[in-house]
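What follows is a single structure, written as structure tokens, with notes after it.
Number of protein chains: 2
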Amino acid sequence: MEIESATQEKAGPFTRGWNWLKALPDKSKAKVMNVAKSMRKLGQDDPRRVIHSLKVGLALTLVSLLYYSRTLYDGFGIAGIWAVLTVVVVFEFTVGGTLSKSLNRSFATFLAGALGLGAQHLASIFGEKGEPIVIGFLVFLLGAASTFTRFFPRIKARYDYGVLIFILTFSMVSVSGVRVVELLELAHQRLSTIVIGGATCIIVSMCICPVWAGEDLHNLVTSNIEKLASYLEGFGDEYFHCKSEDEEGKVNVSKKDKPFLQGYRSVLNSKSTEDSMANLARWEPRHGRFCFRHPWKQYLKIGAITRQCAYHIEALNGYINSNIQASEEFQSKIQEPCTKMSQESCKALRSLASAIKTMTDSSPANIHVENSKTAINELKFAVNKASSLEKAELLAIVPAATVASTLIEIVKCVEKLSEAVHELANLAHFKPVEATATQEKPQLSLHRGTVNPVLDGDNTDHITITIDANPTDSSENEKSQAPKSLASGTV
Amino acid sequence: MEIESATQEKAGPFTRGWNWLKALPDKSKAKVMNVAKSMRKLGQDDPRRVIHSLKVGLALTLVSLLYYSRTLYDGFGIAGIWAVLTVVVVFEFTVGGTLSKSLNRSFATFLAGALGLGAQHLASIFGEKGEPIVIGFLVFLLGAASTFTRFFPRIKARYDYGVLIFILTFSMVSVSGVRVVELLELAHQRLSTIVIGGATCIIVSMCICPVWAGEDLHNLVTSNIEKLASYLEGFGDEYFHCKSEDEEGKVNVSKKDKPFLQGYRSVLNSKSTEDSMANLARWEPRHGRFCFRHPWKQYLKIGAITRQCAYHIEALNGYINSNIQASEEFQSKIQEPCTKMSQESCKALRSLASAIKTMTDSSPANIHVENSKTAINELKFAVNKASSLEKAELLAIVPAATVASTLIEIVKCVEKLSEAVHELANLAHFKPVEATATQEKPQLSLHRGTVNPVLDGDNTDHITITIDANPTDSSENEKSQAPKSLASGTV
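First to last, the protein sequences are chains A and B.
Be aware that the first sequence starts at 1, since it is given in my numbering, and climbs by one per residue.
Be aware that the second sequence starts at 1001, since it is given in my numbering, and climbs by one per residue.
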């Protein structure tokens, strides 16, 4: 490399320029290929992106009709261009985003337009000379005050765009009012074109392959829980197996090749995505399995506990890759309870994730939570037994003990998560598990009668749920449904 | 409460309505007071918010002059309103945000305007009937394609607003072109008003109390490191002291009252803020101590390691509040090295934070990193000694061992952080420590010659730094400066 660059430096600027020009077609071809490849990947990762782009194109073309068709043009005049503008700025990826922006824009335009007219009327009292001063003062005052309200976290989260449009419209109406006489008609035209643009966006966004922010949040929370479960599923094998392999001198496969050990990382920084999705989901009407007032806040709570769990897993992950020599004897003592803890936690997480995904009763997870708690006691017993070992090498025990103790924290986290999911199940009226599922796992239905699905602890504002008789119930399911009604009686 | 509500229910709708009306003035007064209080808090927390609001008001009033002054109005006509629109949508809290939006808006408008004129010319070839179809097709194509590019993470981060304005202007110019004849003049007017609006924003934003995104990022990263330091400073006392207090049966003060134990929590979710600040900082010109191409990316790297450290602290925090009975004897054995580890890590973090804050040489932190690493060995020695205890209660040892082992992880993290800060110091040409500081801490200057400030390890692309002779150096400083040039010689 160094020799090459030295030759190049000798060659002078002309030759270098020529070389660069010669390489240009190849380079640009490679670049175009690269871009095309990443575009294809982007589309393949989430085909809804391609559909969204086409939807925006469609909505734009639709509102352009306003301009093309002679009759409509005569009605709206040049204000028809505001419909195009509205479509471009209002059309968002999710239905919630589009709805929030359209509604914010419409209401803010209406309110600010009315206020602007009022301001103009007020200013006109002060005569030809006073008018610009009064208008200028009012614009300054409302502009500054509205900008300040955008710093309120609640307004920022939900009405930021509305406040922006409010300032915009108020300044435009009150300032332009000084010149344009036929203001009232203009305001009416503008408002109606904005409503037309907004309505086009909402209709296209909701009718053609809609992307619901609520559903995305629902799926994100579920997949985050599943990622943690995948980690815990692989952890036991990975930790105890690799250690023994290392000692036997076998080849140690790099952990980078195992994606299940990396998946949890995306959970660590999921807060901002979840927050913004929950904010958009609030705007969405009833869709699919979600009603208008679906408890989206509870998803944020579940997300926070999932992250908490991910922090512990991050701590745990340090020990998979560490090459600290641990006491083999001690490790073999705790291997069974530790593996059981991680396996049962994994099963509990899987069960919770599937309960959220299918929106069914989450109590089947309870048995795994109980099992993992039993494993804690088994671990304590195993450690106690190990302490009777003669000449325990304490230093060698420390890393393994830390792993065990971190696993205990994870089990506690999973228990908290299970409580939060039960709460969600109560709030969102999740259906009881279907009979077919119960028949597949008879050992779970046995426990359902005894485990109380209601949260205990400090959360006392329980909601009483009346579970409707399932219309699809056939008589052959009735027997297995019996313990369910017993359980629901305690809710 | 229950009795009260029962009485209310009996009272009938009229009385209830009357009661509600009677309570209304008090209620609304309380609400207004509440809002006023939170507004005041918002302003006190960061007075720059108030200034920003006033700046927006000022910029708005300034561009309104375009409309008021007769001569300018004759020049721009109704297009002057675009200056108002530009100010409202472009003015952001930070200079970087304002610059990024103004530049994006100007370039996108120019480019899309030119393309729109071209599209219109192309369409006119197809005759009266073909024109709307060609224009409609082109709008659909460019709208969909541009929307898709917004999904590229890099474009999303830096040029999202530009692409939006591109679609907007292209559709507006090409669609409206079907009707408006004097398009070229309109485009010129619009572009110049946008430039005027953007320029007003940039000037007001940069000249009156500017808020620099880069400086904010710099301060955020520093304060995050300091938050971790505060935690570690208090941790040793908190953990070992409280445990012994508990055993003596004294009153245990709630940890909620100690803000230094909660501060680190905000670090856990700082990623999105840091990312967006770094994106805005790229747009900012030289300001204060930061040049145009300040290595903002390195701040993100430091931020990531800081978060890593915070995850470990989160794990550690679980043990402060846990009421697991730990072996007193073992705890007292490890108390000294553990306290030393957390104290020295704290000092190292403080030193790194102050190096970033003052933009001076970060090598004084090395000694604390070394000390904390020595403490790891002391801990190992202490644990080995403890293992000779007869009848060690292994179970009771586990929580304390976990704390120790988590502290070791934190020390490792602090070392990585120190390397990243050294790298930043190299990239951003941090000044060597001033002589006064060296004289205050003579024990540090002794080490500076021996500790190599250059990163070792896998990062081999070192940058050679020529440290300018400090123009403020006086002859009395020369002696203490000597080891510095020695150290910089190895860089």
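We put the beta carbon where it would ideally sit given N, CA and C, even for glycine.
- Between S1372 of chain B and chain A, the shortest Cβ-Cβ separation is not below 8 Å.
- Boundaries of the alpha helix (DSSP H) around P132 of chain A: 127–149.
- Annotated as proximal: S171 of chain A and L1060 of chain B, with beta-carbon spacing under 8 Å.
- Under the Cβ criterion of 8 Å, T1061 of chain B is counted among the residues facing chain A.
- Contact between S363 of chain A and S345 of chain A fails: their C-beta atoms lie close to 17 Å from each other, not under 8 Å.
- Annotation: S342 of chain A to R350 of chain A spans about 12 Å, alpha carbon to alpha carbon.
- By the neighbour-count criterion, in which 16 or more other beta carbons inside 10 Å mark a residue as buried, H188 of chain A falls on the exposed side.
- Residues of chain B with a Cβ closer than 8 Å to the Cβ of P399 of chain A are, in chain order, S1405.
- In terms of beta-carbon proximity, L122 of chain A stays away from the interface with chain B, with every pair separated by 8 Å or more.
- According to the DSSP secondary-structure assignment, K431 of chain A is paired through a beta bridge with A:T360.
- A distance of 8 Å or more separates the beta carbons of G197 of chain A and W20 of chain A.
- Collapsing the DSSP output to three states places H1294 of chain B in coil.
- For K156 of chain A, the uninterrupted alpha helix (DSSP H) segment begins and ends at 153–176.
- One thing to note: V63 of chain A has its Cβ no nearer than 8 Å to the Cβ of V90 of chain A.
- Among the residues facing chain B, F107 of chain A is not included, as its CB has no counterpart in that chain under 8 Å away.
- According to the DSSP assignment, F235 of chain A belongs to the alpha helix (DSSP H) that extends over 213–236.
- Against G1214 of chain B, chain A offers no close residue; the least beta-carbon distance is about 21 Å (beta-carbon pairs closer than 8 Å).
- Beta-bridge partners of H1287 of chain B (DSSP): B:F1290.
- Residues of the stretch 265–297 of chain A with a Cβ closer than 8 Å to any Cβ of chain B, in chain order: L268, N269, K271, S272.
- Put simply, the CB of H1188 of chain B is far from chain A, with every gap to its CB atoms at 8 Å or more.
- The beta carbons of C1309 of chain B and V1414 of chain B sit about 7 Å from each other, so the pair counts as a contact at 8 Å.
- Interface with chain B (8 Å Cβ-Cβ cutoff): G130 of chain A is excluded.
- From the beta-carbon of E314 of chain A, the residues of chain B found nearer than 7 Å are Y1311.
- Between E1274 of chain B and G1214 of chain B a beta carbon distance of about 12 Å is seen, past the 8 Å cut, so the two are scored as non-contacting.
- CA-CA distance, L1300 of chain B to M1359 of chain B, rounds to 17 Å.
- CA-CA distance, A1278 of chain B to R1289 of chain B, rounds to 16 Å.
- Residue-level contact by beta carbon fails for Y159 of chain A and chain B, as no gap is shorter than 8 Å.
- In chain order, S1053, L1054, V1056, G1057 make up the part of chain B whose C-beta sits under 7 Å from the C-beta of A144 of chain A.
- Taking 8 Å as the cut-off between beta carbons, the residues of the stretch 1406–1421 of chain B near chain A are T1406, E1409, in sequence order.
- The beta-carbon of F140 of chain A is placed less than 8 Å from the nearest beta-carbon of chain B.
- Under the three-pair Cβ rule at 8 Å, the stretch 156–176 of chain A does not count as touching the stretch 27–38 of chain A.
- For R49 of chain A, the residues of chain B that pass the 8 Å Cβ criterion are F1148, F1151, in the order they occur in the chain.
- Collapsing the DSSP output to three states places N384 of chain A in a helix.
- The beta carbon of L1184 of chain B sits no closer than 8 Å to any beta carbon of chain A.
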